[in-house]
Amino acid sequence: MLAIQLVNRMGNVPLISIRELTQEDSCQLAAMLCEDYILRRDLGIARENRPTGEKFGQGIRDWCRSRNASTYAIVLDDRTVAGTISLSHIDDKSHSARIGYWIGSKYRRKGYCTKAFERVTAEAQSRDIERVRASIAQDNLPSRRMWEAHGGYVVHCEDEKVTYEIELNGCVG
């Protein structure tokens, strides 16, 4: 498990970690997707799509196989799952990958996704990935700011999406 501590505004010190999805993580994430209407809206999930933990886990495994990806749970204090973050489209020849993530609405604006991002970029470096990218909605300012704060620069703009790239040269996080 890749872990890092973060002090939140309340003075509590949750341990922020990323780990490969467990069945329990899949159950927590499926419940979040069923209950968090803001997250459902942001991800474009249809009202009738209400996954079980088993279906969610299988969907992630299938997605990872089809995209040469690894998906991790973003975990608080080794028990509460706040979202997911993934390395996908991993290309060993070009040493590149894409990063994608989502986090439950009640966990936003607390730095959890930023710390998970730092952990996944460190994981990418450990796998000899030299460059990561993401396509981000132009109006998703928190995500864009996070990429920019970590050295991300715009490489493409199209259809209300901005593609950011970061060169991982040992100076991430």
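Start counting at 1 in the sequence shown, then tack on 994, and there's your number in my numbering. Glycine included, C-beta positions come from ideal geometry on N, C-alpha and C. Being a predicted model, the structure only gives us computed values, none of them experimental.
query, result
"How long is the line joining the alpha carbons of Trp1057 and Ala1116, rounded to whole angstroms?", "22 Å"
"Taking the Cβ atom as the reference point for each residue, do Glu1154 and Gln1132 lie within a distance shorter than 9 Å?", "yes"
"Considering only residues of the same chain and omitting the five flanking positions on each side of Gly1167, which have a CB-CB separation below 7 Å?", "For Gly1167, the predicted model reports a pLDDT of 46, less than 50, meaning its position is unreliable and no value from the coordinates is stated."
"Which class does Leu1135 belong to by DSSP, given the choice of helix, strand or coil?", "helix"
"Apply the 10 Å Cβ neighbour rule to Asp1071 and answer buried if 16 or more other Cβ atoms are within range, or exposed otherwise.", "exposed"
"Sorted by chain position, which residues of the same chain lie with C-beta nearer than 6 Å to Ser1064's C-beta, five sequence neighbours on each side aside?", "Leu1081"
"Going by CA-CA distance only, name the one from Ala1067, Glu1124 and Met1026 that's closest to Arg1168.", "Coverage of the chain is limited to positions 995 through 1167, which leaves residue 1168 absent and any answer about it impossible."
"Given this structure, state the Cα-to-Cα distance separating Ile998 from Arg1073, to the nearest angstrom.", "Here Ile998 scores only 48 on pLDDT, less than 50, and its place in the model is too uncertain to base an answer on."
"Does the distance from the C-beta atom of Met1140 to that of Val1075 stay below 9 Å?", "no"
"Within a Cβ cutoff of 6 Å, which residues of the same chain sit near Arg1003, ignoring the five residues on either side of it in sequence?", "Annotation note: pLDDT 46 at Arg1003 (below 50); position unreliable, coordinate value reported separately. Once the five neighbours on either side are set aside, Arg1003 has no close Cβ partner at all."
"To which residues of the same chain is Lys1100 closer than 8 Å at the C-beta, ignoring the five residues directly before and after it?", "Asp1030"
"So what does DSSP say about Arg1044, is it helix, strand or coil?", "coil"
"Using the Cα positions of Ser1088 and Ala1128, report the straight-line distance between them to the nearest angstrom.", "16 Å"
"Output yes or no for whether 9 Å exceeds the beta carbon distance between Val1149 and Glu1159.", "yes"
"Just to confirm, is the Cβ distance from Gly1051 to Gln1017 under 9 Å?", "yes"
"Quick check on DSSP: helix, strand or coil for Gly1167?", "Residue confidence for Gly1167 is low, a pLDDT of 46 falling below 50, so the modelled location carries little weight; the figure read from the coordinates is stated next. Coil, per DSSP."
"Alpha carbons only, please: which of Trp1096, Ile1084 and Asn1134 is nearest the one belonging to Arg1121?", "Ile1084"
"Since Gly1077 and Ile1093 are thought to touch, with beta carbons under 8 Å apart, how far apart are those beta carbons, to the nearest angstrom?", "With 8 Å as the limit, Gly1077 and Ile1093 do not qualify as a contact, their Cβ atoms being about 13 Å apart."
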